[in-house]
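Participant: Protein chains in written order, with this note's numbering: chain A, 1 to 287; chain B, 288 to 730; chain C, 731 to 1063.
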Amino acid sequence: MSSTVIITVVSLSLIALICAVILYFIAQKFKVYEDPRIDQVEALLPGANCGGCGFAGCRNFAEAIVNAKEIEELNCPVGGASVILKIAEVLGKEAPVSEPKVAVLLCNGSPEHRPHTSKYTGVKDCRIAHNLYMGETDCSYGCMGLGDCVNACAFDAMYMNEETGLPVVIDDKCVACGACVKACPRNLLELRKKAKKDRKIYVACSNCDKGGPARRACKVACIGCGKCVKVCQFDAITLKNNLAYIDSFKCTFCRKCVSECPTGSILEINFPPRKPKVESRAETVSV
Amino acid sequence: MKTFQKGGIHPPENKLTAAKQTEVLPLPVSVAIPVSQHIGAPATVIVNKGDSVKTGQVIAGSKGFVSVNIHSSVSGKVNKIDSIVDTTGYKQTAVFIDVEGDEWVDSVDRSDDIITDIKLSSEEIISRCQESGIVGLGGATFPSHVKLSVPSGKRCDLLIINGVECEPYLTADHRLMLEKGKEILVGISILMKALKIKRAQVGIENNKTDAIVHLKKLAASFEGIEICPLRVKYPQGAEKQLIKALTGREVPSGRLPIDVNVVVHNAGTAFAVYEAVQKNKPLIERVVTITGKTLANPGNYLVRIGTPVSLLIEKAGGLPDDTGKIISGGPMMGKALINTDIPVVKGMSGIILFPSSESDRMPSQPCIRCAKCVSVCPLGLEPYLLMLLAQKGLFEKAEEERITDCMECGSCSYTCPAGRPLLDYIRLGKSTVIKMARERVVK
Amino acid sequence: MSTLFNISLSPHSHSQETTKKLMFGVVIALLPALFTSIFYFGYGALIVTSVSVISCLVFEYLIQRFLLKKPVSVTDGSALVTGLLLAFNVPSNLPVHIIIIGSLVSIGIAKMTFGGLGNNPFNPALVGRVFMLISFPVQMTSWPVPAGFNTGYTDAVTGATPLAIVKEGLKNGEPLSDLITQIPTPSQMFLGNMGGSLGEIAAIALLIGFVYLLMRKIITWHIPVSIIATIGIFTTILWLANPAKNADPMFHILAGGVLLGAVFMATDYVTSPMNPKAQIIYGIGIGILTVVIRVWGAYPEGVSFAILIMNAFVPLMNRYIKPGRFGEEVKNG
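1. Considering only DSSP beta bridges, list what S615 (chain B) is partnered with.
2. Would you give the residue range spanned by the alpha helix (DSSP H) that D39 (chain A) belongs to?
3. Can you give me the C-alpha to C-alpha distance between N972 (chain C) and T966 (chain C), rounded to a whole angstrom?
4. Can you give me the start and stop residues for the alpha helix (DSSP H) that L1046 (chain C) sits inside?
5. For a contact meaning CB atoms closer than 9 Å, what does Y159 (chain A) contact in chain B?
6. Tell me which residues share the same chain as V231 (chain A) and place their Cβ nearer than 6 Å to its Cβ, disregarding the 5 neighbours each side in the sequence.
7. Helix, strand or coil: how does DSSP classify D369 (chain B) here?
8. Buried or exposed: P1006 (chain C), going by 16 or more other Cβ atoms within 10 Å of its Cβ?
9. Taking only beta-carbon positions, decide if N736 (chain C) is within less than 7 Å of chain B.
10. Below 8 Å between beta carbons is the criterion; list the residues of the stretch 744-765 of chain C that meet it against any residue of chain B, in chain order.
11. For I828 (chain C), which residues in the same chain have their Cβ closer than 7 Å to its Cβ, ignoring the five residues on either side in sequence?
12. For the stretch 630-655 of chain B, list every residue whose C-beta sits within 9 Å of some C-beta in chain C, in sequence order.
13. Should G295 (chain B) be labelled buried (16 or more other beta-carbon atoms within 10 Å of its own) or exposed?
14. Using three-state DSSP, classify T284 (chain A) as helix, strand or coil.
15. Using three-state DSSP, classify I401 (chain B) as helix, strand or coil.
16. Under 8 Å: do the stretch 581-590 of chain B and the stretch 601-610 of chain B share three or more Cβ pairs, one atom per stretch?
17. What is the DSSP secondary structure of L856 (chain C), reduced to helix, strand or coil?
18. From B:I421, B:N449, B:I471 and B:K378, pick the residue whose C-alpha is nearest to that of I401 (chain B); which is it?
19. Of all Cβ atoms in chain A, is any one closer than 7 Å to the Cβ of L710 (chain B)?
20. Report back the beta-carbon spacing between A985 (chain C) and L906 (chain C) to the nearest angstrom; my notes put them in contact at under 8 Å.
21. From G899 (chain C) to G889 (chain C), what does the alpha carbon distance come to, in whole angstroms?
22. Between which two residues does the beta strand (DSSP E) containing L105 (chain A) stretch?
23. Could you tell me the boundaries of the alpha helix (DSSP H) in which S780 (chain C) lies?
24. Would you kindly work out how many angstroms separate the C-alpha atoms of V519 (chain B) and H297 (chain B), rounded to a whole number?
25. Starting from the C-beta of M731 (chain C), find all residues in its chain whose C-beta is less than 6 Å away, skip the five residues before and the five after it, and write them out in chain order.
26. With H, G and I counted as helix, E and B as strand and the rest as coil, what does DSSP make of T888 (chain C)?
27. If you drop the 5 nearest sequence neighbours on each side, which residues of the same chain put their C-beta closer than 7 Å to that of A282 (chain A)?
28. So N313 (chain A) and K210 (chain A) are supposed to be a Cβ contact under 8 Å. How far apart are they, rounded?
29. DSSP three-state label for M731 (chain C), please.
30. If you run the structure through DSSP and keep just helix, strand and coil, what is C696 (chain B)?
31. Assuming L815 (chain C) and F1035 (chain C) form a contact by the criterion Cβ under 8 Å, report the distance between their Cβ atoms to the nearest whole angstrom.
32. Does DSSP put V661 (chain B) in a helix, a strand or coil?
33. Using a Cβ-based criterion (distance less than 6 Å to any ligand heavy atom), does I412 (chain B) qualify as near the ligand MG?
34. Check the Cβ-Cβ distances between T117 (chain A) and every residue of chain B, and say whether any is below 7 Å.
35. Whole angstroms is fine: what's the gap from N567 (chain B)'s alpha carbon to A347 (chain B)'s?
36. Measure the CB-CB distance between A759 (chain C) and L928 (chain C) and report whether it falls below 7 Å.
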């Protein structure tokens, strides 16, 4: 009886030993050298694999930043400046300065502003609808409200407002990874500089049509009149293709353009009410 | 009887207007003529607001080789040059003309005589096609003169005339072949002369026996033109499928019919070519089928380009109350229209009205892997897989699976018992892959 | 603008075929076999089938409703088909509790764990059947002898199936000529007058179902024909090589579950390949494996195992065997 036990133990141990030896040699033979700093850097990254940096995942970003000569151009929008600073410390390189940003929707075409002219019954996918036609309204530049951006957001920082049919960005959760910017087939989302108290002033329109058609399609469309450009003292506003654009890095939040806009396409958000007469159009977009 | 082998479906034909004589639609009050009614570069507008134009006058000139002239289809005053939503679903530049009388340009021969004697040379025919704005009238609207100019190094030995009209409901080509048979045959002879070949085949599906008999009788007096009846199967009207059905030649993936020495033109195009070459009449009107089960008086009408669709609907008995969808073209490949102000364009073969009960899609259910989409695909693709790849964003993989071969015939979506939007996603994948390929070329 | 028109991509019309109609088409095709079974095995067949169908439907509903918390799709008919097929693959005297366990395995393990309809790699009914065969070998292999409609349920007289008779006999060294006399004649087998699983006995009823499925275009001929042809050819070779040891091809095709398997089990949409080329290879694989298991394996019947084994290769076949693409080879005619 005892011999059975011994034979079992010995034979099993032998098998284990042989396996271990084989494994050792295979591991030696197929060993791949990797910079240990890649693991270190990866540990510092948020690990969301959102792709906001332009790489497939955090690991790829780590490899890229370790191998890069300059880290100027590489940025983790999710982790922000603090993470880049830590990475720079690990790598012994200089960290570039980057400012926090937030995604903003450049369209305010809720049904009350922009009446529907057809009913889309196809697949709920902005890209498919965009390939098919101009959309449910007369504006071929505006939001189609099918939620590709919301689906693309890995941080639950967006949701669809059922009433307006437009997506809403939750500023506190937005990490400016840019996934929604890429997802939108009409390029309606922009990463704008994050100001204190989440204040924003921007042209909530992307319509490049001339004034007449733009206005017919949507009451709050930018008609490209250029009044805001004239009133801005800081050269922050430019007019291109019948569309005004406010540079968030130059804007000083003086709010002069807002009251100048004849269609109300420039929105001011999270500002204290000014003077007696304040229009509440900002409400449809603010959180 | 001949047909293509791979895939294909048999949707209900619903050819409600097959026996309806083509009528001439009265002139509208105003027309809107889009400057991009063809594949290729849009034409450049050469008239200004307030100008008086005559019927047949060029109002927008072709820009480049793959482009054609656009002519005024009416006489009157240019009201404005503005954008209008057309069948593409997007806004395009269009010339708006208020109709005043019907005064034609002098060069057009408006008599009813059929001229069989072809005076123009091959090169003259080709340039006349571009000048007269002739494009493929089957729906793809590819400029005809491009197809007639055989590139050097390629050889053409056969002209195929597409009289298949495999889409349900549509009867425009059918009526044209019955009523203008002789003109079409002369048009075919002109096309043969332009291509410098001696042989042409006309493919007609067997559900149009009257047209087959009629054309066969007429073709006896024309040299080299053969009328070929085909077994009814969708999508036989697709170029590659038609070539396969008639000749057995398979156009290789990503290539053109000329690569198997064939040129294909639509029967309607042959008629337009006849008018352009023999009568010097530009393409300013076409036969449009207006049909639908709920419509009081469906029919076939000869319509000036630029006429709003609403006028056609009015003529056919008015818009039924429960209309849920208006389709330009056939129910399989047509485009849904946003409103009835959309103008009739060169590529519009029909207008179909669907009641709201028929215009909703069935809800999408999980794929049961029944493989019906694979078996009906005329190109031997795997639609279920392509949809999945496009949905997941695996466009490189989709390219390997030859997503760009898809011609969007819709057989897969039509057959899918789970009502899955196969073609929606395949189109998305296809357009993305084409975009990617273009970016690669740029790099 | 008073009315808004619907906009969607083409095609704007759809065939009348739906998942539900396809599933009920399969159910209709199964009815002749069910009736012959009731005719031969009596109440037992009816009880087994009802229990199997009802428990499959109930399990599907419960799992979707309370476990997955997804929309319930019991009415699409797929669970009904699974229930019927499961019943068709068991003896008509199987105790109720075993059927319920089998249904739970079919629906719960083989179907729902993979994500429900359309996602299961293995045929649910066969997984349930094989589970029962391994767990309850005695009950699963005591076959009632066909004795007419008034046969009792669990107290039915049992006997071996023709396949088991031949297999056991050959193992014990009895000559095949003796064994042939113990089994039903081919015409009896064709009409279903033999022992066996509930639904597999009557070739004629299954063939009627096959013709119906083909006419409704629910299945194509590729899988059933390739399976039956392969079994026919393979067993003919064996039979010609040694007629004393190997039964004739007619016997192999009619006895056991070949027809049920080829027409209804192997053609299951979800677990069969997606294009004709792969389907024929799949059918040939099933045919070869079936004969191998029957002739050299431990079990007298091998169709279920053969199908399950080939199910495992389906994803691989879908990946590497592609349908012939249009315009792949340049033909100039």
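Each residue gets a CB set at the ideal place from its N, CA and C atoms; glycine is no exception. Here the structure is a predicted model, which means the values were calculated and not measured.
Facilitator: Short version:
1. B:K622 and B:I638
2. P36 to L44
3. 10 Å
4. V1033 to Y1050 is the span of the alpha helix (DSSP H), which, as asked, contains L1046 (chain C).
5. Simply none; closest approach about 22 Å.
6. K256, C257 and E260
7. In this structure, D369 (chain B) counts as strand in the three-state DSSP scheme.
8. buried
9. yes
10. H744, S745, E747, T748, T749, K751 and L752
11. Closer than 7 Å at the Cβ level, and outside the excluded window around I828 (chain C), lie M862, F866 and Q869.
12. I639, F641, S643, E645, S646, D647, R648, M649, Q652, P653, C654 and I655
13. buried
14. Reliability of the predicted coordinates at T284 (chain A) is poor, the pLDDT of 46 falling under 50, and no value is obtained from them.
15. coil
16. yes
17. helix
18. B:I471
19. no
20. The beta carbons of A985 (chain C) and L906 (chain C) sit about 14 Å from each other, so the pair does not count as a contact at 8 Å.
21. 14 Å
22. K101 to L105
23. Per DSSP, S780 (chain C) belongs to the alpha helix (DSSP H) from Y773 to L792.
24. 8 Å
25. Caution applies to M731 (chain C), whose pLDDT of 44 falls short of 50 and renders its modelled position unreliable; the model cannot decide the point.
26. strand
27. Low local confidence applies: a pLDDT of 47 at A282 (chain A) is under 50, so the model's placement there is unreliable, and no value is given.
28. Absent from the structure is residue 313 (chain A), since the part of chain A shown begins at 1 and ends at 287.
29. Residue placement at M731 (chain C) is flagged as unreliable, the pLDDT there being 44, under the threshold of 50; a coordinate-derived value is accordingly withheld.
30. coil
31. No, L815 (chain C) and F1035 (chain C) are not in contact; Cβ-Cβ is about 16 Å, not under 8 Å.
32. helix
33. You won't find the ligand MG in this model; it holds no ligand whatsoever.
34. For T117 (chain A), at least one C-beta of chain B is nearer than 7 Å to its own C-beta.
35. 18 Å
36. no
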